[in-house]
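Colleague: First the structure, which I've put down as structure tokens, then a few questions once you've had a look.
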Amino acid sequence: AYTEGGYMAFVSANLRYYLLHNASETGPAIVYNLGVLGLFMLGLWSARRGLFEDVERHRPLLRRIVWIALPLGLLLSFAYATRRLGLPMEGVMYGVVTASYMGLPIMAFGYIAVLTLYMSRKRHWLTGLFAPMGRMALTGYLASNAIGSFVWYAWGLDRINDPAWLTPVVMNVFALIVFAGLCAFSAIWLKAFRFGPAEWLWRSLTYGRFQPLMKRST
3 AYTEGGYMAF VSANLRYYLL HNASETGPAI VYNLGVLGLF MLGLWSARRG LFEDVERHRP
63 LLRRIVWIAL PLGLLLSFAY ATRRLGLPME GVMYGVVTAS YMGLPIMAFG YIAVLTLYMS
123 RKRHWLTGLF APMGRMALTG YLASNAIGSF VWYAWGLDRI NDPAWLTPVV MNVFALIVFA
183 GLCAFSAIWL KAFRFGPAEW LWRSLTYGRF QPLMKRST
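The sequence shown lines up with residues 3 to 220 when you count with our numbering.
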């Protein structure tokens, strides 16, 4: 379905893979899905603690996060890579792969701590560049997935069957172009609107009523 067929065949294949994956690797699937909830809780804890608003006060904690999260996340990511070797999912290996699903969020928290420390001493030019995209993170995530799906898979441009598009250079350039485009779109969008479209919808569902989207003219 990824290399042939239409959009609904693609959606059906994704759904079957998700259900099969959850059924065949129950432990890793539970850890992965709980990890998503954990990311929400981690974000809530960080915001309530003011981790990124008062950086100077939390600088020692952020440094500890860097020195713990990056090595641990890298180790777990290597463990996750072992599942690609086709090793049997049993015994110790089952436990290793299950634990390895936490590597990505741990690494992400380490990256965030590094960037926060780097950009905190003064208003860094990267702040202005990335801040709009950060405010529209959900929209950016959904849009990048939609763009990638359309470009690579058979229901769209079907570049997955073109070897010239599958080189590391082309794929990384493509990713950078998409990211730069989404950064520009976010900056333009937020000049007129208070939230990104997906953020507005999520916020409206959370509060049970439509939230004001347009910025008030001054």
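Note that CB positions come from ideal geometry on N, CA and C, so glycine has one too.
What do you reckon, are the CB atoms on Phe195 and Lys217 nearer than 9 Å?
Modeller: Along the sequence shown, one-based indexing puts residue 195 at 193. Along the sequence shown, one-based indexing puts residue 217 at 215. Yes, the pair counts as a contact, with Cβ atoms nearer than the cut-off.
Colleague: Cβ of Tyr19 within 9 Å of Cβ of Trp157?
Modeller: For the purposes of this step, residue 19 is taken as the residue at position 17 of the sequence shown. For the purposes of this step, residue 157 is taken as the residue at position 155 of the sequence shown. Contact flag unset, no.
Colleague: Distance check for Phe176 and Ala137, CA to CA, integer angstroms please.
Modeller: The residue you call residue 137 lines up with position 135 of the sequence shown. The residue you call residue 176 lines up with position 174 of the sequence shown. Residue identity check: residue 137 is Arg in the sequence provided, not Ala. Each residue's Cα considered, the two are about 23 Å apart.
Colleague: Going straight from the alpha carbon of Tyr113 to that of Arg65, what length do you get?
Modeller: As a position in the sequence shown, residue 113 is number 111, starting the count at 1. As a position in the sequence shown, residue 65 is number 63, starting the count at 1. Each residue's Cα considered, the two are about 11 Å apart.
Colleague: Please determine, among His60, Met104, Val68, Pro62, the residue with the shortest C-alpha to C-alpha distance to Phe80.
Modeller: As a working note, residue 80 is residue 78 in the sequence shown. Comparing Cα positions, the closest option is Met104.
Colleague: Assuming Leu119 contacts Arg61 under a Cβ cut-off of 8 Å, what Cβ separation, rounded to an integer in Å, is found between them?
Modeller: Along the sequence shown, read from residue 1 onward, the residue named residue 119 stands at position 117. Along the sequence shown, read from residue 1 onward, the residue named residue 61 stands at position 59. Yes, Leu119 and Arg61 are in contact; Cβ-Cβ is about 7 Å, under 8 Å.
Colleague: What distance in whole Å lies between the Cβ atoms of Phe54 and Gly155, which are believed to be in contact at a cut-off of 8 Å?
Modeller: By one-based count along the sequence shown, residue 155 stands at place 153. By one-based count along the sequence shown, residue 54 stands at place 52. Strictly speaking, residue 155 in this sequence is Tyr, with Gly absent from that position. In fact, because the Cβ distance is near 36 Å, the residues do not count as touching under 8 Å.
Colleague: In whole angstroms, what separates the C-alpha of Leu74 from that of Leu106?
Modeller: As a first step, residue 74 is located in the sequence shown; it is residue number 72 there, counting from the start. As a first step, residue 106 is located in the sequence shown; it is residue number 104 there, counting from the start. Each residue's Cα considered, the two are about 10 Å apart.
Colleague: If you measure from the CB of Pro170, is any heavy atom of the ligand SAH nearer than 8 Å?
Modeller: In terms of ligand content, the structure shown is empty, and the ligand SAH therefore cannot be addressed.
Colleague: Give the single residue among Ser146, Phe42, Val116 whose Cα lies nearest to the Cα of Ile179.
Modeller: Along the sequence shown, one-based indexing puts residue 179 at 177. It is Ser146 whose Cα lies nearest to the Cα of Ile179.
Colleague: Determine whether the beta carbon atoms of Leu215 and Phe197 lie at a separation below 9 Å.
Modeller: Position 213 of the sequence shown, counted from the first residue, corresponds to residue 215. Position 195 of the sequence shown, counted from the first residue, corresponds to residue 197. Cβ distance < 9 Å, so Leu215 and Phe197 count as in contact.
Colleague: Just tell me which of Trp204, Ala148, Thr141, Met135 has its CA closest to the CA of Ala189.
Modeller: Within the sequence shown, the letter at position 187 stands for residue 189. When only C-alpha atoms are compared, the closest one is Met135.
Colleague: How far does the alpha helix (DSSP H) with Tyr155 in it reach, from first residue to last?
Modeller: The residue labelled residue 155 in the question sits at position 153 within the sequence shown. Here Tyr155 belongs to no alpha helix (DSSP H), and DSSP marks it neither H nor E.
Colleague: Take Thr129 and list the residues in its own chain whose beta-carbon comes closer than 8 Å to its own, dropping the five residues that flank it on each side.
Modeller: Locating residue 129 in the sequence shown gives position 127, where the first residue counts as 1. Contacts found: Met121.
Colleague: Please report how far the alpha carbon of Trp167 lies from the alpha carbon of Asp56, in whole angstroms.
Modeller: Here the question's residue 167 lines up with position 165 in the sequence shown. Here the question's residue 56 lines up with position 54 in the sequence shown. Each residue's Cα considered, the two are about 44 Å apart.
Colleague: Roughly how many angstroms lie between the CA atoms of Phe181 and Ala139, to the nearest whole one?
Modeller: On the sequence shown, position 179 is the one that residue 181 refers to. On the sequence shown, position 137 is the one that residue 139 refers to. For Phe181 and Ala139, the distance between alpha carbons rounds to 11 Å.
Colleague: Can you tell me whether Leu39 is buried or exposed? The criterion is at least 16 other CB atoms within 10 Å of its CB, across all chains shown.
Modeller: Locating residue 39 in the sequence shown gives position 37, counting from the first residue. Burial call: exposed.
Colleague: For the alpha helix (DSSP H) that contains Trp127, what are its first and last residues?
Modeller: Reading the sequence shown from its first residue, position 125 is the one you call residue 127. First-last of the alpha helix (DSSP H) with Trp127: 127–137.
Colleague: Are the beta-carbon atoms of Met109 and Ala49 separated by less than 9 Å?
Modeller: Walking along the sequence shown from the start, residue 109 turns up at place 107. Walking along the sequence shown from the start, residue 49 turns up at place 47. Against a cut-off of 9 Å, the Cβ pair of Ala49 and Met109 comes out as no contact.
Colleague: When DSSP labels each residue in this structure, what does Met216 get in the three-state scheme?
Modeller: As a working mapping, residue 216 is identified with position 214 in the sequence shown. Strand at Met216.
Colleague: Please report the straight-line C-alpha distance between Leu192 and Gly142, rounded to a whole angstrom.
Modeller: Sequence index remark: in the sequence shown, residue 192 carries index 190 (1-based). Sequence index remark: in the sequence shown, residue 142 carries index 140 (1-based). Straight-line Cα distance between these residues: approximately 13 Å.
Colleague: Any idea which residues DSSP pairs Phe195 with across the strands?
Modeller: In the sequence shown, residue 195 corresponds to position 193, counting from 1. Note: Phe195 sits in a beta bridge opposite Met216.
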